[in-house]
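This report refers to the structure that appears directly beneath it.
Here it is in structure tokens:
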């Protein structure tokens, strides 16, 4: 599994490589995950074994700490302490959402030159790969010999070139367990329940809400992902149909459908959503950390379906919304072992390839090599641009034709990543 | 621990008791918990051993199923199946929020007489104790010999006469772990974070957010419970002070403070909260299943503190809110062993006391007998009225003088109930 084959399209600069002695900077960026410290520890463990590496600087809060020379000595950590840090959720070095400017990058090289830093490892998502690319380009422009590596992590699972991303398996496990408990709750006290799950552009995490299902009528019964258009009228018809059939309905929606709702809201004549205007330095509008989408959808169902159902059954329809929010990222004790192992491994691989292999810059991607029954992966070098170039979305075959559910193909894909679920008990329900 | 001593104040009707043969109805009501089926299974295991018990009817969805004679045969379950059901979250029989009317109760007795039902066990919170009391009174009025027992459960932990309630320990464990992960997240990406936690009248569950803290500056840094008045002006001063000190601030608020905010919102000149008008049949206004309180507090901080901090540090203040919502009730795999064991035991005790002891009606309460180091409890019979008479709130000594934090006395009280937490790892942070 550890082979990093010579990849077609590797940069020419890799030819005739020489050994490069110096110091290292490692940083973490973007939203934290349960296993992001596995990657940090994997890289440190590999680096301390290498003759070419002198000091290992941990940059506090990513590029912010690099620019302020806010470094800590990662060689000072004991193996036992590293073991525990690896299992601790959320970025141990602190994180950042800052996108470095060209000026920032020039400043960083001055710091690197001054400190003889020859290796930069930056753990994060596609934004972090982009930031790494900016630093690498600036280094190349300044003719400074330096190896810049991105180490992947994202609960969104939307990095190009990766079968799946470190961090996803554990977040998916949390979403699956939360959905399992929530749909048991909804069986007990019936009604319509809307759960908003993280995912701006990709529906992988929302789709994970089905993974712990054990009975044919287990929720969520409807799943909406950002890969498909979203019509409020269709949504209302879907919810009504499920509720008519089962007397209850659990819905999972990706936070990213908020933008898809806006597309046809005027044509369908519905109220606009009150949204936050806040954006980060990459121009992304805030979606998480607010209940507005869930509350909007619950109010929409209440306004349209509430009176109808009340008339039919004589009972008030119970409609609730939850936004799973930040709990999806760093919840302790709900970690996928596969995810933790792979996160450790990409960190190790990045350090190994940077120090001993032929590539100057790049990222380590995860490729699936086994079948559904014999899950296996390999770790493959790719250039930074390949990952920074865009975002991966759910393949069509993972989404049903109606655009309101998930297919078996997705289950086959995702189940090996999340670990096993507790087997529930059910009353036989023999009538008396 | 199994002694149920003759309690002073037991009803006179208990004197001269005779053996009572017949059938049993068991039902579950109110919000489900992770361990409510432990109580169900505990009662069933005890009942099947008794010569006096014939059929054991499981009522689907509590009083609703009782009135519609929607019963299943609980003797049909195998020991192995019961073992698994006990470990499955959420009411296996289904739940209800219906409060029976006097007419409902009279109808229920007709059903009980017709079916020779002599024992009714109703698992739930104070509303369920109230409903049990109505049924018991109607039985007494109709001179029908019947033993009505309430079996306690509530994640709110607010039942009178109980040191703590089955269901609380597991929900508290979820809140503690969620808060642990969330405050690690907030360490990594700093800002102000508001978490809304369940609890209409009592702050026990919100207070549990401190239980997994390991470092002196771990969040939540501010905790607001419904037992104290809530001033938005004071809240803003508190958040500003913590943020000035730590550069971040995690706040835990009980959903019940929504009503405390309204008390002085006009006097302080702030915007009212847009609230749901929905109420259940007990007249409780909907607080859960919406993000409105969290969004209101986040917007309040954003409007008042955002510009100030931005000016001071040059950085945009990151303000987010999460509402932990229904995940607190039924999340699988985050269960306190103590809680599970005690929930099983109150079910067993209720069945044992009803069949063999001197009390006609009542509830089983949990009394703490050990010290902080040697945790132990006993299970004590009490009359239904004692539990149905009101709600327990947090004792004054669990809340700090300022009304924005939790004391050591609360930790001593709650820690034995929730189990151990994972020990986190920390970078030494040796400067380089």
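Protein chains in written order, with the working numbering: chain A, 104 to 535; chain B, 104 to 535.
Note that beta-carbon positions come from the ideal geometry of N, C-alpha and C, so glycine has one too.
Think of a sphere of 7 Å around the beta carbon of residue 280 (chain A): the chain B residues whose beta carbon falls inside it are 434, 435, 436, in chain order. Going by beta carbons, residue 176 (chain A) and residue 162 (chain A) fall outside the 9 Å limit. Taking residue 491 (chain A) as the centre and dropping the five residues before and after it, the same chain places the C-beta of 229, 232, 233, 236 closer than 7 Å to its C-beta, in chain order.
The three-state secondary structure of residue 480 (chain B), taken from DSSP, is strand. Of the residues assessed, residue 209 (chain A) falls on the exposed side of the cut-off, its CB having fewer than 16 other CB atoms within 10 angstroms.
When DSSP states are grouped into helix, strand and coil, residue 403 (chain B) belongs to the helix group. Collapsing the DSSP output to three states places residue 137 (chain A) in coil. Note on geometry: alpha-carbon atoms of residue 303 (chain A) and residue 495 (chain A) lie some 12 Å from one another. Of A:135, A:189, A:223, the smallest CA-CA separation from residue 457 (chain A) is found for A:223. Rounded to the nearest angstrom, the gap between the Cα atoms of residue 125 (chain B) and residue 218 (chain B) is 9 Å.
At a cut-off of 9 Å between C-beta atoms, residue 344 (chain B) does not count as an interface residue with respect to chain A. In the same chain as residue 144 (chain A), and ignoring 5 residues on each side of it, the C-beta atoms closer than 8 Å to its own belong to 185, 186, 188, 189, 447, 450, in chain order. Here DSSP, grouped into helix, strand and coil, assigns residue 460 (chain B) to coil. Across the structure, residue 325 (chain B) and residue 350 (chain B) are spaced so that their CA atoms are roughly 14 Å apart. Within chain B, not a single residue places a beta-carbon under 7 Å from that of residue 142 (chain A); the smallest gap is close to 14 Å. In this chain, the alpha helix (DSSP H) harbouring residue 287 (chain B) covers 271–291. Under the 9 Å criterion on CB atoms, residue 285 (chain A) is classed as interfacial with respect to chain B. Straight-line measurement puts the Cα of residue 402 (chain B) at about 46 Å from the Cα of residue 482 (chain B). For residue 430 (chain A), the chain B residues whose Cβ falls inside 8 Å of its Cβ are 281, 284, 285, 425, 427, 430, in order along the chain.
For residue 131 (chain B), the pairing in a beta bridge is given by DSSP as B:226. Inter-residue distance for residue 405 (chain B) and residue 394 (chain B) is about 16 Å (C-alpha atoms, whole angstroms).
Residue 346 (chain A): member of the alpha helix (DSSP H) spanning 335–349, first to last residue. In this structure residue 468 (chain B) touches residue 264 (chain B) by the C-beta definition: roughly 5 Å separates them, less than 8 Å.
Assignment of beta-bridge partners to residue 161 (chain B) by DSSP yields B:129, B:175. If you check each beta-carbon in the region 185–200 of chain B against every beta-carbon of chain A, the ones closer than 8 Å belong to 185, 186, 187, 188, 189, 190, 191, 192, 193, 194, 195, 196, 197, 198, 199, 200. In this chain, residue 368 (chain B) is not harboured by any beta strand (DSSP E), its DSSP state being neither H nor E. Chain-ordered, the chain B residues with CB closer than 8 Å to the CB of residue 174 (chain A) read 534, 535. About 19 Å separates the Cβ atoms of residue 269 (chain A) and residue 306 (chain A), ruling out a contact at the 8 Å cut-off.
Linking residue 348 (chain B) to residue 342 (chain B) through their CA atoms gives a straight-line distance of about 10 Å. Per the C-alpha coordinates, the member of A:193, A:283, A:225 positioned closest to residue 292 (chain B) is A:193. The contact set of residue 160 (chain B) on chain A, defined by CB atoms closer than 9 Å, consists of 535 in chain order. For residue 179 (chain A), the nearest beta carbon of chain B is closer than 9 Å to its own beta carbon. Rounded to whole angstroms, the separation of the alpha carbons of residue 200 (chain B) and residue 167 (chain B) is 9 Å. The C-alpha of residue 198 (chain A) is placed about 31 Å away from the C-alpha of residue 283 (chain A). Residue 425 (chain B) is bridged by DSSP to B:298.
Residue-level contact check: residue 520 (chain A) does not touch chain B, since none of the beta carbons of chain B fall below 9 Å from its beta carbon.
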